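K.L.:
Below you'll find the structure I mean.
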Amino acid sequence: MAEQLIDGRVIEACQQGDRDAFQLLFETYKDKVFSIAVYSSDGDRALADDITQQIFLKLFTAIRQFRGDSEFTTWLYRLVVNACLDERRRRRRLLPWGEMVAMKKPGERKPQEKQYARLEVTEAVQAAIGELKPKFRLPILLKYIEGLSYDEIASVMGCSKGTVASRLNRGHSQLAKRLSHLNNPEVWGD
Amino acid sequence: MFLRHVTKDISAYCHGELSSEESKQFAEHLIACAKCRTKFEEVKLGIKLAEQLPRLSAPDHLWSELEPLLATQSTSVARPSVPWMWQSKVAAAAVLLLVASAGVFWIYRSSRVPPKPSWFVKRLDGAPRIGSEQISNNGRLAVGEWLETDGSSRAQIDVATIGNVDIEENSRVRLLQSRADEHRLELVRGKMSARIWAPPRLFFVDTPSAVAADYGCAYTLEVKDDGGSLLHVTSGWVAMESKDLESLVPAGASCETRPGVGPGTAYFDDALPSFREALKKVDFERDAAVRSAALTTVLDHARPRDTLTLWHLFRRSEGTTDRERLYDKLTGFVTPPPGVTREGMLRFDEKMMSQWVELLEPMWTGNGGGKMVPKKVADAYFKVRNGLSRRLKEMAPK
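Chains E and A supply the protein sequences, listed in that same order.
Under our numbering, think of the first position of the first sequence as 1, with each following residue one higher.
Under our numbering, think of the first position of the second sequence as 191, with each following residue one higher.
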């Protein structure tokens, strides 16, 4: 795991303001943070760029407050989740509702027959993920993008393991309902 | 135990977050509860979809844009203490080394295949091999690896946490898939005995001529040298499937398959020998006249319980004459329920087919030691298959 390169000494160096150590931290986590940002911003990559930068900028100063009470990754993902939720709240205030909805469904303009191609499945899933409420979407991202266990997700989200299980369950159900047309052996090559 | 529905535990079960005892109770409940099974299929699809989410790569320009912003923040960051200062050159060099290592690691990781899932294997007799390695007592069979037994060796494989499979002598088997929503083996030669306590359609075995799909059951499957296979079910149900054909096989019944043909028709092991011989001709004989004559023998020697076979033949029948003969024989054993008409059945009306099979099914499981709710399993099965057939027809080139 790349995370193994980030040990106490690197974090301590970051806390001391060491730029090279921070670059190592950035290189280690940038893809994961960026992925969550993209999926949390309805696929808007320019916005995800901004969110990712904001997160690392905040991390640069906030890392001094990290005391090692929890795993660093848990602490980092908590920062990421909060930043994504904050950004969503901000956009909700700025954007009219209709615009938000229009942004969420890029796949709908595609021809129906293309829905059966595997690539389209990925696109359809990305669009459907964007339509989930954050409380259902974030556990899914932490599970499938970050590969966290239920206990780790619970720690990041500040809820119980049972709540994580329940939210994942509902998230999966909603994905399945929205994309039921993809439940087809031709799509999956079964 | 069975009163408590398990829908809220489905994701946790699929992600291996339940204990083995909880998993077992979950699976047992699911086999018996149609409501939870329906929800399970839905969540399983959701998981399959979520697994398609790719991790994205951050654009290269991010750091170059971030660096100047960090500089503006640096003034508010605590300056290094004296001990850090005297170590700073060494530390900076070390960190730079770490950055370089990260780069190398990054390149390495991009070409590295993630660890493959594997199943526990226990030696039962002799010296089974995984790949070219002989296993002493225990071993691990990873996705893509072959397990082989010779004339004096046997092994047992744990199918993740959902059951186990005994691999008999002179067998060759490969692990193809081990995911939350699909566990799949390939048996190319020899014999295996499976005991699975998973929900329907989670465990599959590919053979050269068909795929055995588990519906919560125990069975043996033997693949012969010519690629044909013989399935015998001892508990629950198994579906033998190929691209165009399928046979649903309950406990006490068997099904043969042939390369290039697929699964033959399911039959009960206690059917008359003459019935079974004739059925083989109906299933695999190329000459239409021979098949027609054999069908006459099948119809003449069928018992009420053999409606299992007649029903499958009816569903597969293409010519009107054969379909009528089979329908008439079936109605001789069980009077069709109200609303089911001859005309509707002969054109495979889906609703009528479903009503009809509900009446027939108890005959197939009454003496076979089947699972608790095979009718519902069968309903689900036929529903899925009918839907799939319709979908394939719609998608077929005109």
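The beta carbon of each residue, even a glycine, is placed where N, CA and C say it ideally should be.
A quick note: this is a predicted structure, and the numbers were derived from the prediction, not measured.
So is K594(A) in contact with chain E if we call contact Cβ pairs under 7 Å?
P.N.:
What is shown of chain A runs 191 to 588, which leaves residue 594(A) out entirely.
K.L.:
Taking buried to mean at least 16 other C-beta atoms within 10 Å of its own C-beta, is G329(A) buried or exposed?
P.N.:
Around the beta-carbon of G329(A), 16 or more other beta-carbon atoms lie within 10 Å, marking it buried.
K.L.:
Please work out which residues of its chain come closer than 7 Å, Cβ to Cβ, to L550(A), disregarding the five sequence neighbours upstream and downstream, and give them in chain order.
P.N.:
T497, W501, V524
K.L.:
When the Cα atoms are used, what is the spatial distance from E514(A) to L435(A)?
P.N.:
20 Å
K.L.:
Can you find a CB in chain E that lies within less than 7 Å of the CB of G236(A)?
P.N.:
yes
K.L.:
Could you tell me which residues DSSP pairs with C445(A) in its beta bridges?
P.N.:
L421(A)
K.L.:
Any beta carbon of chain E sitting closer than 7 Å to that of A202(A)?
P.N.:
yes
K.L.:
Identify the residues that DSSP records as bridge partners of L377(A): which are they?
P.N.:
V363(A)
K.L.:
Indicate the three-state DSSP secondary structure (helix, strand or coil) for E123(E) in the structure shown.
P.N.:
helix
K.L.:
Can you give the Cα-Cα distance for F66(E) and C407(A), rounded to whole angstroms?
P.N.:
52 Å
K.L.:
If we count the other Cβ atoms within 10 Å of its Cβ and call it buried at 16 or more, is R448(A) buried or exposed?
P.N.:
buried
K.L.:
Using CA coordinates, which residue listed in E146(E), E12(E), F34(E), Y29(E) is at the minimum distance from G68(E)?
P.N.:
E12(E)
K.L.:
Output yes or no for whether 7 Å exceeds the beta carbon distance between A441(A) and T455(A).
P.N.:
no
K.L.:
Using the DSSP secondary-structure output, state which residues sit across from Y409(A) in a beta bridge.
P.N.:
Y409(A) is bridged to A384(A), V423(A).
K.L.:
Got a sec, what are the start and stop residues for the beta strand (DSSP E) Q346(A) sits in?
P.N.:
344-348
K.L.:
Say whether the region 338-356 of chain A touches the region 315-325 of chain A, bearing in mind that this needs 3 or more beta-carbon pairs closer than 8 Å, one atom from each stretch.
P.N.:
In the pairwise beta carbon analysis, the region 338-356 of chain A is classified as touching the region 315-325 of chain A: at least three pairs are separated by under 8 Å.
K.L.:
Could you say which of L57(E), D44(E), I153(E) lies nearest to E71(E) if we only look at CA atoms?
P.N.:
I153(E)
K.L.:
Could one say the Cβ of F56(E) lies closer than 7 Å to chain A's Cβ atoms, at least one of them?
P.N.:
yes
K.L.:
Contact criterion: CB-CB distance below 7 Å. Does L132(E) meet it with respect to chain A?
P.N.:
no
K.L.:
Which same chain residues, not among the five before or five after G452(A), have their C-beta less than 6 Å away from its C-beta?
P.N.:
A400, S432, L435
K.L.:
Quick check on DSSP: helix, strand or coil for N184(E)?
P.N.:
In the three-state reduction of the DSSP assignment, N184(E) falls in the coil class, being assigned neither a helical nor a strand state.
K.L.:
Quick one: is C14(E) near chain A, going by C-beta distance under 7 Å?
P.N.:
No, C14(E) does not count as interfacial toward chain A.
K.L.:
Using beta-carbon positions only, say whether L331(A) and L365(A) come within less than 7 Å of one another.
P.N.:
yes
K.L.:
When burial is assigned at 16 or more other CB atoms within 10 Å of the CB, is H219(A) buried or exposed?
P.N.:
buried
K.L.:
Closer than 7 Å between beta carbons: that is the criterion. Which residues of the region 232-257 of chain A meet it against chain E?
P.N.:
E232, V233, L235, G236, I237, L239, A240, E241, Q242, L243, P244, R245, L246, S247, A248, P249, L252, W253, E255, L256
K.L.:
Looking only at C-alpha atoms, which of L246(A), W253(A), E255(A), V196(A) sits nearest to K229(A)?
P.N.:
V196(A)
K.L.:
My assumption, with CB atoms under 8 Å, is that G171(E) sits in contact with R137(E). Please give the rounded CB distance.
P.N.:
7 Å
K.L.:
Between N183(E) and chain A, is the shortest Cβ-Cβ distance under 7 Å, so that the two count as touching?
P.N.:
yes
K.L.:
Flag I51(E) as yes if its beta-carbon sits less than 7 Å from any beta-carbon of chain A, otherwise no.
P.N.:
no
K.L.:
To the nearest angstrom, report how far apart D459(A) and A370(A) are at their CA atoms.
P.N.:
34 Å
K.L.:
If you pair each beta-carbon of the region 227-243 of chain A with each one of the region 194-211 of chain A, do three or more pairs fall below 8 Å?
P.N.:
yes
K.L.:
Between L259(A) and chain E, is the shortest Cβ-Cβ distance under 7 Å, so that the two count as touching?
P.N.:
Put simply, the CB of L259(A) is near chain E, with a gap under 7 Å to one of its CB atoms.
K.L.:
Buried or exposed: T262(A), going by 16 or more other Cβ atoms within 10 Å of its Cβ?
P.N.:
exposed
K.L.:
Taking the DSSP output, what are the residues bridged to Y457(A)?
P.N.:
S444(A)
K.L.:
Pick from E446(A), R493(A), D356(A), A478(A): whose alpha carbon is nearest that of K470(A)?
P.N.:
E446(A)
K.L.:
Quick one, are the C-beta atoms of E207(A) and Y150(E) less than 7 Å apart?
P.N.:
yes
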